[in-house]
Structure formats: structure tokens, C-alpha cells
Amino acid sequence: MDQHQATSPSTPLREQLRPLFPYLRRYRRGILIGMACLVTGNVIWMTFPLVLGRAIDSLTSGTTTAQLLLFAAALVIIALIKGVFLYLQRWILISISRDIEFDLRNDLFQRLEMQSARFYSTWRVGDLMSRSTNDMNAVRMMVGPAAMYTANSLAVFPLAIAAMLYLDWGLTLMLLLPVPLVSLVVKRFGRLIHERFERIQAKMSDLTARIQENIAGVRLLRAFTQEKAELRSFGRLNQEYIEANRRLIRIQGMFFPAIETLVTVSFLAVLWLGGLAVLGQPVLGRPISLGDFVAFMQYMFLLTWPMIALGWVVNIFERGTASLKRLNQLLAAQPDVVDRPAPDAPTEIRGEIEFRHLNFSYNGVPVLRDINLHIPIGTTLAIVGPTGSGKSTLIQLIGRLYDAPEGTVLVDGRPTEQHRLATLRRSIGYVPQETFLFSETLRENIALGTPQATDQEVEEAAEIADLAGDIEGFPRKYATRVGERGITLSGGQKQRTAIARAVLRNPRILVLDDALSSVDTHTEEKILRRLTTVMRERTSIIISHRVSTVRHADQIVVLQDGSIVERGTHEELLARGGYYYDLYQKQLLEEELERT
Amino acid sequence: MSEHDHHEESAIGKIYDRRLLARLATYLRPYRPQVALAVVLLIFHSAVHVIVPLFYKIAIDYYIQPTPDADGKLTWLTQYLAADPSTGLQQLALVFGLLLVVGFVAAYGQAYTMLMTGQRVMYDLRMQIFSHLQRLQVAFFDRNPVGRLVTRVTNDVDALNEMFTVGVVAVFGDILVLVGIVTALLLIDWQLGLLMLAVLPLIGAVSIFFRNYVRDCFRRTRVALARINSFLNEHLSGMSVVQLFNRERRAAEQFEEINRANLRAWRDAIFGHALFYPAVEVLSVLAIAVIVAYGGSQVLGGTAQLGTLVAFLFWSRRMFQPIQDLSEKYTVLQSAMASAERIFKLLDEPVSITSSPQPRSLPTEAGRVEFRNVWFAYNDEDWVLRDVSFVIDPGGMTAIVGHTGAGKTTLTNLLLRFYDIQKGQILLDGVDIRELDLTELRRQFGIVLQDPFLFSGTIASNIRLGTDGIGEEAVLGALETVNLSDFVQSLPDGLGHEVRERGATLSVGQKQLLSFARALAHDPRFLILDEATSSVDTHTEHLIRSALERLIEHRTSIVIAHRLSTVQRADRILVFHKGKLREQGTHQELLAQRGIYYKLYQLQYRDQEVSVVADDD
């Protein structure tokens, strides 16, 4: 373990492991029992060589077959008792490592659920996944097997050495002479392996990047007939990679043989020096019996594995602490949207929305500039504007997917941050631009926000979204699974599922973020008509590129570069001859083009 | 993702597959000498392990507790040793030491040879996969995300390496040691040997039971892990939906449930492991007990020597230890097998677009492209092109226009045979492109993609790509032609300026110009240009336009046009609408028709007019 400190001297191991303390504390009792089993098992096991030695001695001093049977039985009993403790130790300690993994993974997921959209735009899903599986596994290996073997080594060393000292201190001291050498070898090799391993990792990323580019640029490379040249350049990197590996192998291949040889040297020493001691000519210490000689050999056996294990454990701790650090970056990440409602926060929301001098920047880039907008209860607001003008961001601020500056977004006359987050979100039926369905049944997907809904309510919502007909056509109706292991819905069907999902919530505020783009105009009209009935008395916000979708809204705003550049009703905006007018003209043309 | 997951789950359960193993073995074939050397060294190394306990026997029986050598089985060795105990022990220690050196050299040599052979096999495998990827049709890459393919070449190959280096060799070595010890036992004292070996069947039974039990647990853990991954993937991607629909708690509960299934499966597996270790240990102690009881009474009766007994004790230890490690090796083998299966699945992916076996050579005419009643769909009957026929005559520039989704980009994909058409023919100078050599066909074209793709490397390497024939002169000339030479000269390293991943340090316009230069340097007969839609400042726009002018000079060019200036400049315009070729002619002719082109013009190009006119002044 000093190996570990040698390679990362900046932070002590204890500090690096700190994030694990609460989890370890939770299983304190189990860990203590497991450790007790480990120590007890080893203490019992230490009597084995002694009994075996006495058995051998009895042979030289004359004994009976009956007594030999007794010795044999004693050996088996010792092994059985030790076996029980070994079993308990492994079962308890390794299970706890899985329990901790289980807890960590749950905590991680719950922590991730608290993070805002801002977090998800900076972290790639692949990275998050890799941390919650690969890194999690490295941490578990450290907490489980590596910690157990460390404890085992720590228990066996003093016990075995004490027993050996008891048998013959002189012989023991001579045997312990190579021990510093072993730790020196482990340390030296450890550092070399670490360095060369890093080099391999670097070469590996070169290789990975090369493949990544080759595949991403496949069309271009085919067009320029670069297949052979690509193969050559990949071959070069591949060669460099195995060269880096060769450097590691040169020393790594020596590691285990070296340890094995050093350990066997101790056996040699016992044979020679111990043999002399049995003959009554000890180099150091006192003469011993043949039984003691055999017992010595057995103790050496007991020490072999813990010694080898240490080298392995160092490696696991290296990787485990690195992974824990990566994991902790997620566990310790503070969510930027927090639920801190005012004490008098209402439990119901009526649905009046206001943006008051709203300025919003994202990563230092202004996205929304001085937005002032009032949406009275029961009215419909439509937002149009080019891609990237800030439309989606504006409506995501209502449900606090991001946090706007305090007091700039108000619902029912009260800043959103003073509402209860759950209440606020419960009152919004949101249909996002990109429909997101889960790999569950259609019913579960529609009832996502309202698991307690009755079948009838689900069907009514599907009816409003014009989805009921499609669902009746599926073999398993509402129990049809979608996604990965189920059927693939068309873009329009997905959007309509998302609409049904939002409608079923019976929301005070309905938000359609370009939610009808994959639905044909005829169906769109049908859905909008039904929605109007449902949404009477409620507030709706519709983002769309289609004039046909937004023309009936009470209020239409045009957003450009984060600012409202036009506002009014359909007729008013047409009369202005600005962006909205252009949009209208183009769509007329497009419809005409569509018909040809 | 879905395909992957399906595969992941169906692969579960098949842990050890003879077919797979046989196929893997073929990769070792070129390295027979190395493998043979490793085996020889392994035999030496194993022999040292087998011989060592013999020294204890000799030490005890000849020096420490001298007993008459009843059968004289070891006189071949003992005759050379001194009779005096302390000198004899010294000599024994010396031989022992020499043996250790031999053992060390053999072990190191063996490890080095085998690890390096493993690396070479991985090298070959990686080359094979990569080269297969170079031949697979573009359609394959549409279906398979980049990340998954990268994993095949990197992680999966590495998992296999583990098996080559750790698993197989170690198991083989263990078997050798086992055979050696059994032989030694039977030679030294066959009665005691047989008695001791009586526990082997028991251990075998325990191992088989363990394997079957753990196999089932492993299957469950893999299913659970696959579910954890897909749940995470889904919920992290759709986190905003989860949050807005107040699903956090329920999702957390669902996750906990899946997580718990994983935990349970692992707990069962741990139970098996935890039981297996002590079970084997108790059985091995049973063997020791037999040695003590039976062997001991033999010694008392004078029919066996004490040294034999001690040697047997050590052999028993050495014999059972590898069996205990089996479970670890089993895990390695298992994940290697899963990787092997995924790799072979990729390697078995058929290459559907290949050169004709007897390619016709291309006539050295000027270059005439003809589409004859071409029908094409990416999926099934979802036609992207319907019965399209046109001819592009040598020289001059043809512009392809149409609304989004009209099938314009598809034309490039088909001409270069990224995809094969379903019906009709595409002819190059009268020869069906399917009858040509693929490389020769593609060499005729220089293409500029809509999204300029740059590789990490230098400016020069991005222009040359891997084509060695392009000299520095040509590179500089191409840069000059596309108005980039001033910019490149202003860079500290000039042509050697490092281009980071995807050209992160360059502007959009510069990237476009670089990809022009690339096409130019390869001096193709045809130029296919998919104009970028991204907007650039007026100055860059001007640079691009003048570069384009020079690019299409003296060349047959096909431009998928997005800029009004390009369309106006074209010798001929082909108008695509809903997968059909609807109109063709010059800009003026088509405007006069007042048809689709006229409407498209109104819709897409009219806005550009103002800036273009202003620019021309």
C-alpha cells in the first residue's frame, strides 16, 4: 500500500477513500463480524502446521496407529472449523461490497435525477453510464476482494511469524531476511508497471481516436479510396501499441516469477538451515525437531499467497481510488435547481404566467434578452422564430428545468422558485420537441405522470391525441411495449403519445414545443380542435414553425436572437409584413409545392 | 442500442463454446514456434514445481532422519551427494538453488513469449477487424453507432487478450503440474498415491457442481447488468421528461428493483464462490489426513519412509491450490467468450458492395454519366428515387436542386456506390458502374461533402489524406487555387500546422476551403460538391465563390446547390421533387416555366438575392 502512496503522493489514501466512509459505516456491524471471522479463521488455521508437526514428531518418537488416526481427525476438524469461518468471511465481506455497490448506484441515480438540464448538456450520457458501471465496478473490487485480501495478509503475517518465532526465533529471523527484498521488488516493479501502463493507455487512446475518425469519416475516405492508406496508418499505430505493451511485458512477465522465486528461496533456506537445525547444528537459534521443520515449511506455504496478493491488491487500489474520484465527481455535484419553496407556497396552481425583464445566459452566451410577456389564465400563447432563437429555453424556464434569475419568471404572480417544485411541475403538461418514450407499454408511457389513472382516462387522453385508433390496431393494444424490445412507433405516433401523456395529467398549463411537426396538417387540425375544448379555462403555450398551428392563438410572439421582435394576433402580425408575414407567404408556397 | 442489447441477452448463457474456441485457436496458427517454445518452457517450469518436494524427501531420508533406502528409487541422484549430513544438505541446497534459477528463467521466458504472442494475435485481430471495416458498405455504418464499432476493436479485443495470457496458459500449466505430481506420487509410492488421489473425484464433482451453479448466477448477473445499462441510458437521456412528469421517485424505485435483481444474482454467485473455496480446502486436508494416518502407519511399520510422507504433504498442497483458483479463471474465460462472439459477429458481417470479379476497364473517354430508370430506397420500398433518368455530358457544371428530402444527396451516394440501386442502371461512359473495379470507379470522382470533415493531423495531411503521389507542390498549388495559401502561410507551422480533432481550431469557411483543396489536389475527372448550407461572412462567401469557380474549371462537375450564385452559374439544372426528376434546363429557362423551380426559387433563393447583388457591385 505504500506503493499507492508512492505513485500519488498528493493525497493520502484515507482522504481518497473518504467518500466511502458513510457506506462503510452503514455496514459496520457486518464488516466487524466478517473481520472477526477472518481473524478467527486464521488463528485456527495457524494450529494446523503445529498439529502436523507433532504428528511427524510422533512418528520419529514412536506412536500407535490409533494415535495417528487421532492426529488425522484433528487436522480434518481444524480444516472444517476454518472452512466454516472462511466461508462466513467471504460470504459476509464480499456480499457487503455488493451491498455498497447497490447503495452507491441507487444514490448515484437519485443524485442524477436532481440535476438540471444544464448538467445534462455538459455531461455526455455515455460518460455518465461508463462511470456508473465501469468505475463502480473498480470501486467495488477495491471495497470487496482487495480490502479482504489486504485484511487477510495483515492477519496472516503477524500470526504466522509469531508462530514461527515461537518454534525457533533464529530460523525465523533468517527467513525474514529476504522480506525487505520482496517489498523492495514489489515497490520498484509497481512504479515501473505504473509508468509503462500509462504509456499503453496513451497509445490506446491514439488507437481509439484513429478508429473513431476512420468510422466517422467513412464516406469521405471511401470516396477518396483511402482504404489501403488507412490500413497502413492504423497498422503503424497498432504496432506502436504492441511495442508499448512489449515494454510492460518485459517487466510484468518478470513480476510473478520473481516473487515466486523469492518465496521459494525461503523454502530453500528452511531446507538447508532448518535441516542443519534438526541435525543439531543450528546457525542461529536452537536445534529443532523434524516436526518443527515440517511445521516451518507449512507456515511458509501459508505466507506465500498473502505475499503475492499484496502485489495484486496494490493494483486494484490504484484503479479503485481513481474510479472513486470519478464517481465522486457525480455524487458530490451540487444540483443547480433546488426545491426551496416559500412556507406559504400554494398546493394548487391556476396557470397565469408572466415573464418580467427576463435575461438568461447559458455558459456566458445570452440566450434570452429582456423578455416581458404576460399570459393570462385560459389564453393561448404561440411562439414562432428561427431555430436557436431561444423558444425552447423560454418555456423550459417555467418548469424550472433551468433556473432563471430570481423573480423574472412568475406563475400565479409568484416567482417560480418560491413554488414547490413538485406542485409547479405537476401543473404543467409538457410535450417536448424530441419525444421521449420509455421502453415500457403504451399505457405506462401515457400514464407516465399519472400512474393512478384509470384505463378509461388513458383511453380518453389517447382519443384526444388521435392515437386511440392506432393503438386499437396493435395486437396487444395498450399493453404493447414500445422501444428497444417492443414495436417501433412512427414519428407522428410518438408525438401523439407524448400529447396524450401531457393531456392525461389534466394540466393547468399545457406546453407544446413544436410537438406536431411529425403529424400531418389534417391530423394536426383534429388534435388542436380537441385540445381547444380541453384547454378552455387553462393556459397553453405552443411553439411551432407552422402558421396553421399558431394562427388561432390569442397572442403570437416572434422570437429572434433571444428577443421578442413582433407580437400580436395573426391578423395584426400579417399586417406588419415582418418575419411572421414572410413565414406565412413561404408556407403558402410550400403547400402549393407539396401539391405538385 | 436495441440490436446490441438483444444480442447481449441472447449471448448470455453460452459461456463456453467449442466452436468459438476452435475459431480462436486458428489465430495462434502463425505463431506455432512461439507457442511451442512457451509450452517447452512451461514444462520446465512445471517440472521444477514437481521436483522440489523430492528434495525434502532426500534431505529427510538421507541426512536428517536416515533410514535405509528400501527400494533405491532415487539412487540416480543420491549417488552424487556427500554422505556427511551437513555437506549433503549444502549440496542439496545448491542443486535446489540451481533449479530455482532454471525455474525463474523458464517462468519468465514463458510469460514473455506467451504475453507477446497474445499481443501479436491481438494485433492481427485488430488489423483484421479494421480491414473488414474498410470494406463494409456505408449502409452498415448507418445502422451501427461509431462507439459500438470502436468498442469491438479496442475493449473486446483486450478482453480476449486476457484469456490468451491469463486463462489458457495458466490452466494448461496447472494441468501439467497436476499430471507431473500424479506421476511422481505413483512412482514413489503407488499405494499411498492412489489413496491420496481418491479425493480427486470428489473435488471434480464439487467443481462441476460449482460450475453449473455459478453459470446460472452469471447468466442472471449479465441480464441484470444489461437491464441496468439500458435503464440508465434511457432515463439519463430523457431526464427532463422524468423531472417534468414528477417521475423521480418512481424511476428511483424501478431502478432500485433492477439494481436489486443484480444484487441478488451476485449474492447467489458469492454464496457459490464462498462455499467452493473452503470445500476444496477441506477436501485437500482430507488427503493430508490420509497421508498422516495411512502413510504414518506405513512408516511405523517400516514399509514407507518418513521423507516420502513429508514430500507427499507438499505435493498435495501444490496439487489442490490451482483448483481453488479455477473460479477466477472461469470468469476471465467467460467475458472473453462474450467478446469473441461479438467480434466474430462483426467479422462475419457480409460485404455486400464489392468490385465485380472481372472488372471492365473504363474507356478513356471524357466522362459521361447516365442514370437510366434508377429506383432506389434505403429501406425496403420507401423509394427515395423513382424512375430517375438523366445524362450528364462531359465538361460543364450541372446543378441539382430540390426541396429537403428530394433525394439530392442520394445521387452522390449512388454514383460512388456507397449503396447499390434496386432497379435501373447507372452508367459511366456507357459502362454499368457495378461492372467496374470499386477503387477505379471512386478514383474518378473528387467529392466535397456538405459537412467538411477534417482529420486530426496537419493541413498537408488533410489535403493529401493517404495518397502518396501528391507532392508538396500540388498541395501548395491546391491551397493557392482555393485562396487559402495566405492563411496557411500566416500559420506558424505552415503546411505542418496541426489540425485538431474535426478541425476545432479552424473556422467553418476555412474548413470548406480546405475540403475544396483536398478534392482539387486529387485531380479527379468528376467533381461532386455538396454545398454547405452554413452561413459565412461576406468576405468568406466571396472567397468560397471564387474558389468554386476555379474548382469546376475544365472538369465535369455535379453540384448539389444551396447558393443562388451557384445555381445561376450552372450550365444545366436538374430539379428533383419527391424522388423524381421533374424539370431540367438553365436558370432562365426554368424560371420562365413557372413550375417547381420557380417556386423553389421563391422559397429558398430569393432571400439570398439581396446580399448577392450587393456583393457583386
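Chains as they are written, first to last, in numbering that gives the first Met the number 0: chain A, 0 to 595; chain B, 0 to 616.
Idealized CB from N, CA, C, for every residue including glycine.
Contacts that residue i makes with chain B (C-beta to C-beta distance below 9 Å)
i, result
"residue 75 of chain A", "281, 284, 285, 287 and 288"
"residue 585 of chain A", "601 and 602"
"residue 259 of chain A", "102, 103 and 106"
First and last residue of the uninterrupted alpha helix (DSSP H) at residue i
i, result
"residue 265 of chain B", "247 to 289"
"residue 200 of chain B", "198 to 236"
"residue 386 of chain B", "Taken as a continuous stretch (DSSP letters only), residue 386 of chain B belongs to no alpha helix (DSSP H), being part of the beta strand (DSSP E) at 382 to 391."
"residue 388 of chain A", "First-last for residue 388 of chain A: undefined, no H or E at that position."
"residue 84 of chain B", "84 to 134"
"residue 601 of chain B", "It is not in any alpha helix (DSSP H) - residue 601 of chain B carries neither H nor E in the DSSP assignment."
"residue 396 of chain B", "Here residue 396 of chain B belongs to no alpha helix (DSSP H); instead the beta strand (DSSP E) covers 396 to 401."
"residue 515 of chain B", "507 to 520"
"residue 409 of chain A", "Counting along the chain, residue 409 of chain A falls outside any alpha helix (DSSP H), though it belongs to the beta strand (DSSP E) covering 408 to 410."
Interface partners of residue i on chain A, CB under 9 Å
i, result
"residue 438 of chain B", "224, 226 and 227"
Contacts of residue i in chain B (Cβ-Cβ under 8 Å)
i, result
"residue 58 of chain A", "295, 298, 299, 305 and 308"
"residue 231 of chain A", "465"
"residue 450 of chain A", "249"
Beta-carbon separation (whole angstroms), residue i vs residue j, contact threshold 8 Å
i, j, result
"residue 375 of chain B", "residue 420 of chain B", "5 Å"
"residue 217 of chain B", "residue 399 of chain B", "Wrong, their Cβ atoms sit about 56 Å apart, outside the cutoff."
"residue 572 of chain B", "residue 596 of chain B", "7 Å"
"residue 309 of chain B", "residue 55 of chain B", "5 Å"
"residue 270 of chain A", "residue 58 of chain B", "6 Å"
"residue 166 of chain A", "residue 56 of chain A", "So it is not a contact: roughly 12 Å between Cβ atoms."
"residue 543 of chain A", "residue 381 of chain A", "7 Å"
"residue 147 of chain B", "residue 343 of chain B", "Actually they are not in contact, since the Cβ atoms of residue 147 of chain B and residue 343 of chain B sit about 15 Å apart, beyond 8 Å."
Extent of the continuous beta strand (DSSP E) to which residue i belongs
i, result
"residue 376 of chain B", "368 to 376"
"residue 642 of chain B", "Only positions 0 to 616 of chain B appear in the structure, and residue 642 of chain B is not among them; the question remains open."
"residue 356 of chain A", "352 to 361"
"residue 555 of chain B", "555 to 559"
"residue 576 of chain B", "571 to 576"
"residue 525 of chain B", "525 to 529"
"residue 401 of chain A", "Taken as a continuous stretch (DSSP letters only), residue 401 of chain A belongs to no beta strand (DSSP E), as it is neither H nor E."
"residue 539 of chain A", "538 to 542"
"residue 566 of chain A", "562 to 567"
"residue 582 of chain B", "579 to 584"
Paired residues, beta bridge with residue i - DSSP
i, result
"residue 106 of chain A", "Its beta-bridge partners do not exist; DSSP assigns none."
"residue 440 of chain A", "A/480"
"residue 426 of chain B", "B/369 and B/431"
"residue 364 of chain A", "A/361"
"residue 370 of chain A", "A/357"
Chain-ordered chain A contacts of residue i [CB-CB under 8 Å]
i, result
"residue 30 of chain B", "Within chain A, no residue comes near residue 30 of chain B; the closest Cβ sits about 13 Å away, beyond 8 Å."
"residue 153 of chain B", "203, 206, 207 and 210"
"residue 149 of chain B", "207, 210, 211 and 214"
Under 7 Å by beta carbon: chain A residues contacting residue i
i, result
"residue 509 of chain B", "Correct list: empty, because the minimum Cβ distance to chain A is about 17 Å."
Residue i: contacting residues in chain B (beta-carbon distance under 7 Å)
i, result
"residue 26 of chain A", "Going along chain B, no residue has its Cβ under 7 Å from residue 26 of chain A, so there is no contact; the nearest lies around 13 Å."
"residue 640 of chain A", "Outside the displayed range of chain A (0 to 595) lies residue 640 of chain A, so it cannot be described from this structure."
Task: Where the stretch 349 to 362 of chain B meets chain A: residues whose CB sits under 8 Å from a CB there - done: none
Task: Within 9 Å of chain A by C-beta, residues of the stretch 592 to 604 of chain B in sequence order - done: Considering only beta carbons, the part of the stretch 592 to 604 of chain B lying closer than 9 Å to chain A consists of 594, 595, 598, 599, 601 and 602, in chain order.
Task: Selection of the stretch 556 to 580 of chain B by Cβ proximity to chain A, strictly under 9 Å - done: 576 and 577
Task: Interface residues of the stretch 75 to 99 of chain B facing chain A [CB-CB below 8 Å] - done: 84, 85, 88, 89, 91, 92, 95, 96 and 99
Open item on the list: Under 9 Å, CB to CB, which of the residues in the stretch 76 to 95 of chain A have a partner in chain B?
Closed with: 77, 78, 79, 81, 82, 83, 84, 85, 86, 87, 88, 89, 90, 91, 93 and 94
TODO: Mind checking the stretch 374 to 400 of chain A against chain B and listing, in chain order, the residues whose C-beta falls within less than 7 Å of any C-beta there?
DONE: 398 and 400
- [ ] Taking a Cβ distance cut-off of 7 Å, strictly less, list which residues of the stretch 506 to 538 of chain A are near chain B, in chain order.
- [x] none
Task: Proximal residues, the stretch 130 to 148 of chain A versus chain B, C-beta separation under 8 Å - done: The stretch 130 to 148 of chain A vs chain B, Cβ under 8 Å: 131 and 132.
Open item on the list: Closer than 9 Å between beta carbons: that is the criterion. Which residues of the stretch 196 to 220 of chain B meet it against chain A?
Closed with: none
TODO: With 7 Å as the limit, tell me which residues of the stretch 368 to 396 of chain B have their beta carbon closer than that to any beta carbon of chain A; keep them in chain order.
DONE: none
Task: Members of the stretch 37 to 61 of chain B that neighbour chain A once the beta carbon cut-off is set at 8 Å - done: 51, 54, 55, 58 and 59
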